[in-house]
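Heads up, the thing below is written out as structure tokens.
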Amino acid sequence: MSSLSATIQDVFNEPGCGKNANKSEAERKKGCTKQLQPGGAAGGCAFDGAKIALQPLTDVAHLVHGPIACEGNSWDNRGAKSSGSNLWRTGFTTDINETDVVFGGEKRLFKSIREIIEKYDPPAVFVYQTCVPAMIGDDIDAVCKAAREKFNKPVIPINSPGFVGPKNLGNKLAGEALLQHVIGTEEPEYTTPYDLNIIGEYNLSGELWQVKPLLDELGIRIMACISGDGKYREVASSHRAKAAMMVCSKAMINVARKMEERYGIPFFEGSFYGIEDSSDSLREIARMLIERGAPEELMDRTEALIAREEAKAWAAIAKYKPRFKGKKVLLITGGVKSWSVVAALQEAGLELVGTSVKKSTKEDKERIKELMGQDAHMIEDMTPREMYKMLKDARADIMLSGGRSQFIALKASMPWLDINQERHHAYMGYVGMVKLVEEIDKALYNPVWAQIRKPAPWEKSGDNWQTRAMAQAEAEAAALAADPVKAEQVRRAKKICNCKSVELGVIEDAITANNLTTVEGVREATNASGGCGACAVRIEEVLAELASASHAIAAE
Amino acid sequence: MATVTVSKKACSVNPLKMSQPIGGALAFMGLRGAMPLLHGSQGCTSFGLVLFTRHFKEAIPMQTTAMSEVATVLGGYENVEQAVLNIYNRAKPEIIGICSTGVTETKGDDVEGYIKLIREKHAAVANLPIVYVSTPDFKDAFQDGWEKTVTRIVETMVDAPKSPARRDPTKVNVLPGCHLTPGDLDELRTIIEDFGLEPTFLPDLAGSLDGHIPEDFTPTTIGGVGVEEISIMGQAGWTIAIGAQMRRAAEAMQQKTGAPFMLFERLCGLEANDALMAFLTEISGRPAPMKYRRQRGQLVDAMLDGHFHIGGRKLAVGAEPDLLNEVGGLLAEMGAQLLVAVTTTQSPVLERLPTEEVLIGDLEDLENLAKAKDCDLMVTHSHGRQAASRLKIPFFRMGIPMFDRLGGGHQLMVGYRGARDLIFNISNLLMADHEENHEPTPETWLEGFSSCHATAAH
Numbered sequence: 016m017s018s019l020s021a022t023i024q025d026v027f028n029e030p031g032c033g034k035n036a037n038k039s040e041a042e043r044k045k046g047c048t049k050q051l052q053p054g055g056a057a058g059g060c061a062f063d064g065a066k067i068a069l070q071p072l073t074d075v076a077h078l079v080h081g082p083i084a085c086e087g088n089s090w091d092n093r094g095a096k097s098s099g100s101n102l103w104r105t106g107f108t109t110d111i112n113e114t115d116v117v118f119g120g121e122k123r124l125f126k127s128i129r130e131i132i133e134k135y136d137p138p139a140v141f142v143y144q145t146c147v148p149a150m151i152g153d154d155i156d157a158v159c160k161a162a163r164e165k166f167n168k169p170v171i172p173i174n175s176p177g178f179v180g181p182k183n184l185g186n187k188l189a190g191e192a193l194l195q196h197v198i199g200t201e202e203p204e205y206t207t208p209y210d211l212n213i214i215g216e217y218n219l220s221g222e223l224w225q226v227k228p229l230l231d232e233l234g235i236r237i238m239a240c241i242s243g244d245g246k247y248r249e250v251a252s253s254h255r256a257k258a259a260m261m262v263c264s265k266a267m268i269n270v271a272r273k274m275e276e277r278y279g280i281p282f283f284e285g286s287f288y289g290i291e292d293s294s295d296s297l298r299e300i301a302r303m304l305i306e307r308g309a310p311e312e313l314m315d316r317t318e319a320l321i322a323r324e325e326a327k328a329w330a331a332i333a334k335y336k337p338r339f340k341g342k343k344v345l346l347i348t349g350g351v352k353s354w355s356v357v358a359a360l361q362e363a364g365l366e367l368v369g370t371s372v373k374k375s376t377k378e379d380k381e382r383i384k385e386l387m388g389q390d391a392h393m394i395e396d397m398t399p400r401e402m403y404k405m406l407k408d409a410r411a412d413i414m415l416s417g418g419r420s421q422f423i424a425l426k427a428s429m430p431w432l433d434i435n436q437e438r439h440h441a442y443m444g445y446v447g448m449v450k451l452v453e454e455i456d457k458a459l460y461n462p463v464w465a466q467i468r469k470p471a472p473w474e475k476s477g478d479n480w481q482t483r484a485m486a487q488a489e490a491e492a493a494a495l496a497a498d499p500v501k502a503e504q505v506r507r508a509k510k511i512c513n514c515k516s517v518e519l520g521v522i523e524d525a526i527t528a529n530n531l532t533t534v535e536g537v538r539e540a541t542n543a544s545g546g547c548g549a550c551a552v553r554i555e556e557v558l559a560e561l562a563s564a565s566h567a568i569a570a571e
Numbered sequence: 037m038a039t040v041t042v043s044k045k046a047c048s049v050n051p052l053k054m055s056q057p058i059g060g061a062l063a064f065m066g067l068r069g070a071m072p073l074l075h076g077s078q079g080c081t082s083f084g085l086v087l088f089t090r091h092f093k094e095a096i097p098m099q100t101t102a103m104s105e106v107a108t109v110l111g112g113y114e115n116v117e118q119a120v121l122n123i124y125n126r127a128k129p130e131i132i133g134i135c136s137t138g139v140t141e142t143k144g145d146d147v148e149g150y151i152k153l154i155r156e157k158h159a160a161v162a163n164l165p166i167v168y169v170s171t172p173d174f175k176d177a178f179q180d181g182w183e184k185t186v187t188r189i190v191e192t193m194v195d196a197p198k199s200p201a202r203r204d205p206t207k208v209n210v211l212p213g214c215h216l217t218p219g220d221l222d223e224l225r226t227i228i229e230d231f232g233l234e235p236t237f238l239p240d241l242a243g244s245l246d247g248h249i250p251e252d253f254t255p256t257t258i259g260g261v262g263v264e265e266i267s268i269m270g271q272a273g274w275t276i277a278i279g280a281q282m283r284r285a286a287e288a289m290q291q292k293t294g295a296p297f298m299l300f301e302r303l304c305g306l307e308a309n310d311a312l313m314a315f316l317t318e319i320s321g322r323p324a325p326m327k328y329r330r331q332r333g334q335l336v337d338a339m340l341d342g343h344f345h346i347g348g349r350k351l352a353v354g355a356e357p358d359l360l361n362e363v364g365g366l367l368a369e370m371g372a373q374l375l376v377a378v379t380t381t382q383s384p385v386l387e388r389l390p391t392e393e394v395l396i397g398d399l400e401d402l403e404n405l406a407k408a409k410d411c412d413l414m415v416t417h418s419h420g421r422q423a424a425s426r427l428k429i430p431f432f433r434m435g436i437p438m439f440d441r442l443g444g445g446h447q448l449m450v451g452y453r454g455a456r457d458l459i460f461n462i463s464n465l466l467m468a469d470h471e472e473n474h475e476p477t478p479e480t481w482l483e484g485f486s487s488c489h490a491t492a493a494h
């Protein structure tokens, strides 16, 4: 386990991570071991994250070493697509039983690897460690090594038991496993000046294929996509690429940065969501490849292609603009999508009334502010009731989110569109943008809404649960408006730090009483941000607000 | 009589099985105002959450004690305590149901002890119903988790009646197995009520996961059987248990309250429903309503119409024991041969299946056996779709999870009407498959001729 904790330390020490770079030395050492809240948490574990990140490698056998829950409850639940092998869709698990827990599961694991190689003969077997075998001390590194020697085939240990942390940590541990055991272990058949790695793209709903034809046309070869529609040998020889595009930096920044460090492959962070973002990314790819030796004329061809594709996409979208006039969108998603989709929707003429930033980094938030203006409505964390109120209050016409919150919109009879991993449509690149606009139009103008919003014949008009809920919410708001003392109480009672349960008022008092200016100072005084550290951004905002308020007073 | 064998493979490929704790959590979801809590790391809960959301297409209440590595080694008291308090403060549940997982069972957390301590320390939750079930992931399967949880609810929450005289003959307890859908429960409720009886379902997924629009946003379950209703179940005249898995729960009910029970191992098919009608007639003292006499006729007619298509089919079914018994039994009665039966866990019902061999295995086994025995109809949950498409045989989805089709929660199997619908749906699938893939061409006649010829030559 010591090597695993060393790996985790290493991942946390990521200089490429904006969040980490803003932390003090001591804080960085502590890492972002986000203390999850019992009874108030949702989302996956590190094992989940590792498997999500690597499973789109299509020709690899993914073997989960653990009890049935880890694979049996979860296999075959993501919509990545493959252009070749379908082995990745096969669920392999050791399904360990009581006897294994008592006597150890290593023998069963070794036999499982043998069975897989005999029956399916994949180019590699990835072995995922889960909580129970980690607890009983199964050494998957040793078993993988033995199997590798015995069967003369790569058998890669992925050390990511669920209890070491959240999904995002698992993404990064998966990247570490690739860096340690896969990348650079084979040589490509040939190389070209146009070889590109794409990192952190999973080809969900086949999205990569919306962009690949453009790259093909420019003669740019995707040397390896890590990991969407990826193949083992491509990843193993990806260290010979000339440049890399980082699509989801939260998940795999460590891979991009270390490949730059070790193999001198420069990378940039880009997005293929939205027309302008797609164009920017294509330009950046061309620029980097030229810098690394591709001929200058690549840029001219890229510009020509961008001009053609943009014109086509704008023409396709133009006809929706009048239909979208005055329509408002509420966006509940996370990370890079919170700003890349914002840009996309604005291009289509939709008005954004809010976007969630729960999983966004500081940079993500800056970008949103840039796009939506300073008073961008950023939503940190919402209960279903608040989300519904938000839909109504902001008079949003449609909600775009992941599957988890869909029923809040649907049961409130509001149009909803899935933009997370379970979605059925691909939204990347120019064609994807047009598709997204089409889907929003379909959802907004579906005649079903008029029907289902009508009251039942036995319901008196206006006497349904929606109206009652809204009336209640409005009454509460009115009561607050009439009672400034109560309103101030409510404002101050807002939780800033969820881990340590610290309220806004406590933080404000501490800042004024002690003239605090830093997040660290606030933590010492109130214990806020002493847990996962995710609220550091919010505390900074409070600090800035109080500082500007005191400036204003001083100026008077 | 079928022999039961267990797969000897070290590696399970394409699991048919799901874990115990989420079976237990689903049982808790049939209680009103409930919050199921898995004592384990985050993934244990989130996998179940995603699975149920994809199946039911509903918001699913489920929480985690979010065990970290350190907490796992040191013991999870603080996590359970925090989880209970957090859930109590945020969700205001009427009951919290805790299931253990592989992680916490390997460590050996004494959760019953924890609960006692939490109640002593925090007055607010001193009287909040908290039920704990031990459900390690590395033992048994989904169905066992459900069974253990229902039994535990009966043992801990049903009050023993003060005197047998207070027993109310119009009240009936129903203990449904996890193979029944919310749609099945609604159908059963209607049938039982039509005999003038008043049923209480435990658990009642029809109240919570039938897709109705809730009156308000609640983070807990939106319907189901309430804590109060469960406590007075001992006053019922009878308990009806459905599926062999519910025997233990029914016995627990009888032992605690004296209420006698009747176990129906099957409720899909003509004979099975005749038995139900006879029983309801007997305990209610009322004749079967006209409606069911008509429905019986319709089922008989459906069997006649369907036997042309289902008769002679070589059937491969992968399902948990009781569902396997229901659907395998019905189709065997319609003349299909149950050539391949794969299941997840041991059950007395397996020996009684109309087949020679039952295998406790995975979907790879189902696929290989179906191929070897040249099966021409596969029935299992949605994960079987890849196998069926490789074998190029028609595929009928039954069981959890059913994530790639709508209406899994309303699929009907019980009652005369349920069996009729099932026969129609499967027959239509077979007819469509015939039209698409097996229409005769000049070549098929030639092939038939040459194969006849080849046989004759031998």
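Chains as they are written, first to last, in this note's numbering: chain A, 16 to 571; chain B, 37 to 494. Every residue, glycine too, gets a C-beta built ideally from N, C-alpha and C.
| Check | Outcome |
| --- | --- |
| CA-to-CA distance, ILE96 (chain B) to GLY30 (chain B), given in whole angstroms | Residue 30 (chain B) falls outside the range modelled here, since chain B spans only 37 to 494, and no answer is possible. |
| Residue-level contact to chain B via CB, GLU113 (chain A), 8 Å cutoff | yes |
| Residues that VAL140 (chain A) bridges to, as DSSP identifies them | A:ALA76 and A:VAL170 |
| The alpha helix (DSSP H) enclosing LYS343 (chain A), as first and last residue numbers | From DSSP, LYS343 (chain A) is part of no alpha helix (DSSP H) but of the beta strand (DSSP E) over 343 to 347. |
| Local Cβ density within 10 Å of GLN70 (chain A), reported as buried at 16 or more and exposed below that | buried |
| Inside the region 166 to 201 of chain B only - alpha helix (DSSP H) runs reaching at least 4 residues | 178 to 193 |
| Nearest residue (CA-CA) to THR317 (chain A), options A:ALA301, A:ALA326, A:ARG307 and A:ASN92 | A:ALA301 |
| Counted within 10 angstroms of its Cβ, other Cβ atoms place LYS157 (chain B) as buried (16 or more) or exposed | exposed |
| Range of the contiguous alpha helix (DSSP H) that encloses GLU249 (chain A) | 247 to 251 |
| Minimum C-alpha distance to ILE462 (chain B) - residue among B:GLU130, B:ASP401 and B:PRO430 | B:PRO430 |
| Sub-8 Å separation of TYR124 (chain B) and ILE151 (chain B) beta-carbons | no |
| Inter-residue CB distance, ASP195 (chain B) and GLY270 (chain B) (contact presumed, cutoff 8 Å) | 6 Å |
| Residues within the region 49 to 68 of chain B neighbouring chain A, beta-carbon criterion of under 9 Å | VAL49, ASN50, PRO51, LEU52, LYS53, MET54, SER55, GLN56, PRO57 and ILE58 |
| 8 Å Cβ cutoff, LEU69 (chain A) in contact with chain B | no |
| Contact with chain A by MET103 (chain B), beta-carbon distance below 8 Å | yes |
| Test: ILE214 (chain B) CB closer than 8 Å to a CB of chain A | Inspection of the sequence shows that residue 214 (chain B) is occupied by Cys rather than by Ile. No, CYS214 (chain B) does not count as interfacial toward chain A. |
| Contacting positions in the region 438 to 465 of chain A - beta carbon closer than 9 Å to chain B | none |
| Under the three-state DSSP convention, the category ASN112 (chain A) falls into | coil |
| Assumed close pair GLU449 (chain A), ALA328 (chain A) - CB separation to whole angstroms, cut-off 8 Å | The sequence shown places Val at residue 449 (chain A), not Glu. Their Cβ separation, rounded to whole angstroms, is 6 Å, which keeps VAL449 (chain A) and ALA328 (chain A) in contact under 8 Å. |
| Closer than 8 Å to chain A by CB, LYS409 (chain B) | no |
| Local conformation of VAL262 (chain A) per DSSP, three classes | coil |
| Contacting residues, own chain, Cβ-Cβ under 6 Å from ALA562 (chain A) (five flanking each side not counted) | none |
| DSSP-derived helix/strand/coil call for GLN99 (chain B) | strand |
| Collapsed DSSP secondary structure at LYS510 (chain A) in the structure displayed | strand |
| Run of the alpha helix (DSSP H) containing GLY273 (chain B), from where it starts to where it stops | Here GLY273 (chain B) belongs to no alpha helix (DSSP H); instead the beta strand (DSSP E) covers 272 to 278. |
| Neighbourhood of LEU451 (chain A) by C-beta, 7 Å cutoff - its chain only, sequence neighbours within 5 removed | ALA359 and TYR442 |
| DSSP-derived helix/strand/coil call for THR206 (chain B) | strand |
| Continuous beta strand (DSSP E) stretch holding HIS75 (chain B): start and end | 70 to 75 |
| Own chain partners of ALA162 (chain A) with C-beta closer than 7 Å, once the 5 adjacent residues on each side are dropped | PHE125, ILE128 and VAL170 |
| Opposing strand residues paired with GLU393 (chain B) [DSSP bridges] | B:THR39 |
| CB contact below 8 Å: VAL147 (chain B) versus chain A | no |
| Cross-chain neighbours of THR108 (chain B) in chain A, by beta carbon under 8 Å | CYS146, MET150 and PHE178 |
| Residue-chain proximity (ASN309 (chain B), chain A), Cβ-Cβ < 8 Å | no |
| VAL40 (chain B) at chain A interface by Cβ criterion, 8 Å | no |
| Counted within 10 angstroms of its Cβ, other Cβ atoms place TYR460 (chain A) as buried (16 or more) or exposed | exposed |
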